[in-house]
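Just so you know, the sequences run in chain order X and R. The numbering of the first sequence is this note's numbering, which starts it at 4 and goes up by one. The numbering of the second sequence is this note's numbering, which starts it at 4 and goes up by one. A short worksheet on the structure shown next.
Protein chains: 2
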Amino acid sequence: MRLSQLFTKTSKTVPADETARNAQLLIRAGYVYKVMAGVYAYTPLGLRVLENIKRIVREEMNAVDGQEIVMSSLQRKETWENTGRWDDEVVDVWFKSKLKDETEVGFGWSHEEAILEMMQQFIKSYKDLPTSVYQFQAKLRNELRAKSGIMRGREFVMKDMYSLHATEEDMDQYYETVIEAYKRCYERFGLGDSTFVTFASGGAFTKFSHEFQTICDAGEDVLYVNDDQTIAVNEEVLDDAARELGIDKADLKPVKSAEVGNIFKFGTDKAEQMGVSFTDSDGQQKPIYLASYGIGITRVMGVIVEKFADDKGIVWPEAVAPYRVYLVRIGGDEAVKHADKLYKELTSKGIEVLYDDRDERPGAKFADSELLGIPQRVTVSDRLIETEKYEYTSRKTGQTSELTRSELFATLNKSS
Amino acid sequence: MRLSQLFTKTSKTVPADETARNAQLLIRAGYVYKVMAGVYAYTPLGLRVLENIKRIVREEMNAVDGQEIVMSSLQRKETWENTGRWDDEVVDVWFKSKLKDETEVGFGWSHEEAILEMMQQFIKSYKDLPTSVYQFQAKLRNELRAKSGIMRGREFVMKDMYSLHATEEDMDQYYETVIEAYKRCYERFGLGDSTFVTFASGGAFTKFSHEFQTICDAGEDVLYVNDDQTIAVNEEVLDDAARELGIDKADLKPVKSAEVGNIFKFGTDKAEQMGVSFTDSDGQQKPIYLASYGIGITRVMGVIVEKFADDKGIVWPEAVAPYRVYLVRIGGDEAVKHADKLYKELTSKGIEVLYDDRDERPGAKFADSELLGIPQRVTVSDRLIETEKYEYTSRKTGQTSELTRSELFATLNKSS
Numbered sequence: 004m005r006l007s008q009l010f011t012k013t014s015k016t017v018p019a020d021e022t023a024r025n026a027q028l029l030i031r032a033g034y035v036y037k038v039m040a041g042v043y044a045y046t047p048l049g050l051r052v053l054e055n056i057k058r059i060v061r062e063e064m065n066a067v068d069g070q071e072i073v074m075s076s077l078q079r080k081e082t083w084e085n086t087g088r089w090d091d092e093v094v095d096v097w098f099k100s101k102l103k104d105e106t107e108v109g110f111g112w113s114h115e116e117a118i119l120e121m122m123q124q125f126i127k128s129y130k131d132l133p134t135s136v137y138q139f140q141a142k143l144r145n146e147l148r149a150k151s152g153i154m155r156g157r158e159f160v161m162k163d164m165y166s167l168h169a170t171e172e173d174m175d176q177y178y179e180t181v182i183e184a185y186k187r188c189y190e191r192f193g194l195g196d197s198t199f200v201t202f203a204s205g206g207a208f209t210k211f212s213h214e215f216q217t218i219c220d221a222g223e224d225v226l227y228v229n230d231d232q233t234i235a236v237n238e239e240v241l242d243d244a245a246r247e248l249g250i251d252k253a254d255l256k257p258v259k260s261a262e263v264g265n266i267f268k269f270g271t272d273k274a275e276q277m278g279v280s281f282t283d284s285d286g287q288q289k290p291i292y293l294a295s296y297g298i299g300i301t302r303v304m305g306v307i308v309e310k311f312a313d314d315k316g317i318v319w320p321e322a323v324a325p326y327r328v329y330l331v332r333i334g335g336d337e338a339v340k341h342a343d344k345l346y347k348e349l350t351s352k353g354i355e356v357l358y359d360d361r362d363e364r365p366g367a368k369f370a371d372s373e374l375l376g377i378p379q380r381v382t383v384s385d386r387l388i389e390t391e392k393y394e395y396t397s398r399k400t401g402q403t404s405e406l407t408r409s410e411l412f413a414t415l416n417k418s419s
Numbered sequence: 004m005r006l007s008q009l010f011t012k013t014s015k016t017v018p019a020d021e022t023a024r025n026a027q028l029l030i031r032a033g034y035v036y037k038v039m040a041g042v043y044a045y046t047p048l049g050l051r052v053l054e055n056i057k058r059i060v061r062e063e064m065n066a067v068d069g070q071e072i073v074m075s076s077l078q079r080k081e082t083w084e085n086t087g088r089w090d091d092e093v094v095d096v097w098f099k100s101k102l103k104d105e106t107e108v109g110f111g112w113s114h115e116e117a118i119l120e121m122m123q124q125f126i127k128s129y130k131d132l133p134t135s136v137y138q139f140q141a142k143l144r145n146e147l148r149a150k151s152g153i154m155r156g157r158e159f160v161m162k163d164m165y166s167l168h169a170t171e172e173d174m175d176q177y178y179e180t181v182i183e184a185y186k187r188c189y190e191r192f193g194l195g196d197s198t199f200v201t202f203a204s205g206g207a208f209t210k211f212s213h214e215f216q217t218i219c220d221a222g223e224d225v226l227y228v229n230d231d232q233t234i235a236v237n238e239e240v241l242d243d244a245a246r247e248l249g250i251d252k253a254d255l256k257p258v259k260s261a262e263v264g265n266i267f268k269f270g271t272d273k274a275e276q277m278g279v280s281f282t283d284s285d286g287q288q289k290p291i292y293l294a295s296y297g298i299g300i301t302r303v304m305g306v307i308v309e310k311f312a313d314d315k316g317i318v319w320p321e322a323v324a325p326y327r328v329y330l331v332r333i334g335g336d337e338a339v340k341h342a343d344k345l346y347k348e349l350t351s352k353g354i355e356v357l358y359d360d361r362d363e364r365p366g367a368k369f370a371d372s373e374l375l376g377i378p379q380r381v382t383v384s385d386r387l388i389e390t391e392k393y394e395y396t397s398r399k400t401g402q403t404s405e406l407t408r409s410e411l412f413a414t415l416n417k418s419s
């Protein structure tokens, strides 16, 4: 993509109404546009990051035999009444509205009840189980406050997966499989080292739930970790966990963390409340076991920004970056010719390049490349052309070196 | 995909609450699930069709320099008040709700006002124009009635593109470019021969609008066409069009048609109402010219079903079909071995195969392949293995032939 064609622009001004660093940086760099508190639009750059995160999650969910679908945002009152979750006292984040005939409708904030209702149409026998379905969807949640940028929105993209089973053992086994798939996701996002599976109290959801927590100063949660960070425990269950693990509570130190995933075993509770059942091999009607698995896609994007950003701007890990290379052009006709040629070459090799072909000062181009956080910067200039070199800079380390053409291509290939 | 793994199932029962043929067939075949009137979830098969349609549209919008973004569903009242379109008397399809602090919010049914408001942040000068942005998004419209299946939903997927210009000439020119891009879309959907650009009255929208209408018995509109279908005119503008084209109204015969696209020139109306402007080369502040371009992605899917279905089921055009080949396996161990091998071979060649590996009677498998509408059916059976042949059937023509292995591969390659 030629930067001169991109409609977004960077800005030096920190948006006055944003306290969250992720939103400040994402808005300044032109990844998101704020519609209202907790509601953001995603520009071409922002959408590319989201799609990269989704691609990773999609691959991992497919690898555990998840089948991708897409549910509706509009929800029937009756679907949620059986489990008591239509009630605003029980679920306090519903957006609700009315059809023309005064029928109440809700907007999906989660989809357990909707999924079970739908799956009943297809699951009749134990032979139809287990099965697992997932979707990427914009969830709507009427949050009282929304001050964490894209880390907690009133509208946000979530991957929610639901697995259905004939037995508890089968659910437990699959649940463990998904934990491993989730670990691979965080690993691939670049968050592997600092992300932990923790026990969660579950709150309104269920008593069998786990969270994936990433150590991050901007997080809303507190995690208790030991010195070498091999143990991490949620504050809510600290006493129980210390006892169970046989460790001294005093050896666990509090660190701030952000929830980046949340998984639940509902068991047969929901199916019993909703009358959703299957015919088992013994001919008996039995309720279906349900587990659900969420990853906030936009939240992960926000956590990545918070975690890796430095004083110059965003630092995207390679796998989620909107482009791998930021190509800076400095100079006249000769530089244009060389940079155009390199842009075409890299693009034709499948290397995604954001090409700064604007008539801007070098300093402004370098500053934008840092704010935007593209992992690798390559500079073509009149001076460099004379020496047949390219300037290569890693966004993460800031290290700059002058490379020959073959060294440059070797470096770019290596990092892919 | 192995059919034995797919959670959806076909059904012989026509859903009692659906009068629209597209919904009847799509539900029976397991492409969609009805949540409520006008609201459908898309299963793995249905989602694949949607993604194929989106891919075609995305390629064509990128080809006219459209930049993909994604806006929010949640809308601010203030955004729409300037143009009068917040008012339920003016726009009667709003879903509205309230934040916790009683602030009214709406759910996006279209995004012209939201786009202009956002783009003002990035467009300051004539140098920033023209630009064109588009998105695929679930629109929410509180329709009074919803009886046309996925052809008119309360929640549906739309591609909406918006182009912004400094001058009327530039807008007019780009508008013509998009008309050509739209024609390529319908051509690629398999609807090219029966889709016409027509003048529309515009209604509440604007006086400069065009529709793309596909001749289709299930359509809600009426088109007047001449004998060789080179002229097609909307009923609303019949008198004017006949006069303008210098033809006798009596030579145009009415046919039913479905709107599959809708494009508008707003000119500077919206920008003037909203105070959205740019600095022109003469230093003057001027309002931005706006045009918008919609394709109902789910609607197109419905029209394709209605238009091509026969008494056996759906008939997907090759480019939008969820899979290109339906592989039927009939017989014992030898058939399993042969069919498994062919499935792997085709898949490794990038040919998408739905493999009917179920223990079902041949008749049920053939019937499902027809209901599902996969373009090409290949049968492996004990009898065929003996003669070293494959049975090949075209869904569209119903023609069946026995092919050698090399003939089969030649046929499958040809049709891609």
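Built from N, CA and C at the ideal position, the CB exists for glycine as well. Just so you know, these numbers come straight off a predicted model, no measurement behind them.
- In the DSSP annotation of this structure, the continuous segment of the beta strand (DSSP E) that includes Thr217/R starts and ends at Phe211 to Ile218.
- In this structure, Glu309/X is the residue among Asp95/X, Gly156/X and Glu309/X with its C-alpha nearest to the C-alpha of Leu194/X.
- Among the residues facing chain X, Arg88/R is not included, as its CB has no counterpart in that chain under 8 angstroms away.
- For the region 55–86 of chain R, the beta-carbon criterion of a distance under 9 angstroms to any beta-carbon of chain X is satisfied by Asp68, Gln70, Glu71, Ile72, Val73, Met74, Ser75, Ser76, Leu77, Gln78, Arg79 and Thr82.
- In this structure, the beta-carbon distance from Gly87/R to Val136/R does not fall below 8 angstroms.
- In its chain, beyond the 5 residues on either side, Lys57, Val160, Lys162 and Ile300 have a beta carbon closer than 7 angstroms to the beta carbon of Phe139/R.
- For Gln124/X, at least one C-beta of chain R is nearer than 8 angstroms to its own C-beta.
- The beta carbons of Trp112/R and Lys142/R sit closer together than 8 angstroms.
- For Thr403/R, the enclosing beta strand (DSSP E) starts and ends at Thr403 to Leu406.
- DSSP, reduced to helix, strand and coil, places Leu53/R within a helical segment of the structure shown.
- If you look at Met304/R, you'll find it in the alpha helix (DSSP H) that goes Ile300 to Phe311.
- Rounded to whole angstroms, the Cβ separation of Gln379/R and Val328/R is 5 angstroms, and the two are in contact under 8 angstroms.
- If you ignore the 5 residues before and after Asp359/R, its C-beta comes within less than 8 angstroms of the C-beta of Leu6, Tyr329, Leu330, Val331, Arg332, Lys368, Asp371 and Ser372, all in its own chain and listed in chain order.
- As summarised for the region 228–259 of chain R, the continuous alpha helix (DSSP H) elements at least 4 residues long and confined to that stretch are 241–248, given in chain order.
- In the pairwise beta carbon analysis, the region 285–302 of chain R is classified as touching the region 169–183 of chain R: at least three pairs are separated by under 8 angstroms.
- Ranking Asp313/X, Ser284/X, Val236/X and Asp104/X by CA distance to the CA of Arg148/R puts Asp104/X first.
- Note on geometry: alpha-carbon atoms of Lys37/R and Asn25/R lie some 12 angstroms from one another.
- Nearest in C-alpha terms to Ala253/X, of all of Glu262/X, Val236/X and Phe267/X, is Val236/X.
- Of all C-beta pairs linking the region 183–197 of chain R to the region 76–90 of chain R, fewer than three are shorter than 8 angstroms, placing the two stretches out of contact.
- Annotation: His114/X is outside any beta strand (DSSP E) and is labelled neither H nor E by DSSP.
- Residue environment for Asn265/X: buried (at least 16 other C-beta atoms within 10 angstroms of its C-beta).
- Around Glu21/R, no beta-carbon contact reaches into chain X at under 7 angstroms, the shortest distance being about 14 angstroms.
- A direct Cα-Cα distance of roughly 25 angstroms separates Ser100/R from Ile72/R.
- In this structure, DSSP gives Pro365/X a helical state, which the three-state scheme calls helix.
- Contact between Thr13/R and Leu357/R fails: their C-beta atoms lie close to 12 angstroms from each other, not under 8 angstroms.
- Inside the region 115–145 of chain R, DSSP marks whole alpha helix (DSSP H) runs of 4 or more residues at positions 115–123, from first to last along the chain.
- For Leu147/X, a Cβ of chain R is located within less than 8 angstroms of the residue's own Cβ.
- The beta carbon of Thr134/X falls within 8 angstroms of a beta carbon belonging to chain R, placing the residue at that interface.
- With three or more CB-CB distances shorter than 8 angstroms, the region 216–229 of chain X counts as touching the region 256–264 of chain X.
- The DSSP-derived three-state label of Pro320/X is coil.
- Rounded to whole angstroms, the gap between the alpha carbons of Phe412/R and Asp336/X is 51 angstroms.
- The three-state reading of DSSP puts Lys162/X in strand, counting E and B together.
- Going by beta carbons, Glu63/X and Arg157/X fall outside the 8 angstroms limit.
- With a 10 Å radius around the Cβ and a threshold of 16 neighbouring Cβ atoms, Glu107/R comes out exposed.
- When rounded, the separation of the alpha-carbon atoms in Asp175/R and Glu405/X is 48 angstroms.
- Within chain X, the residues whose beta carbon sits less than 7 angstroms from that of Arg157/R are Leu77, listed in sequence order.
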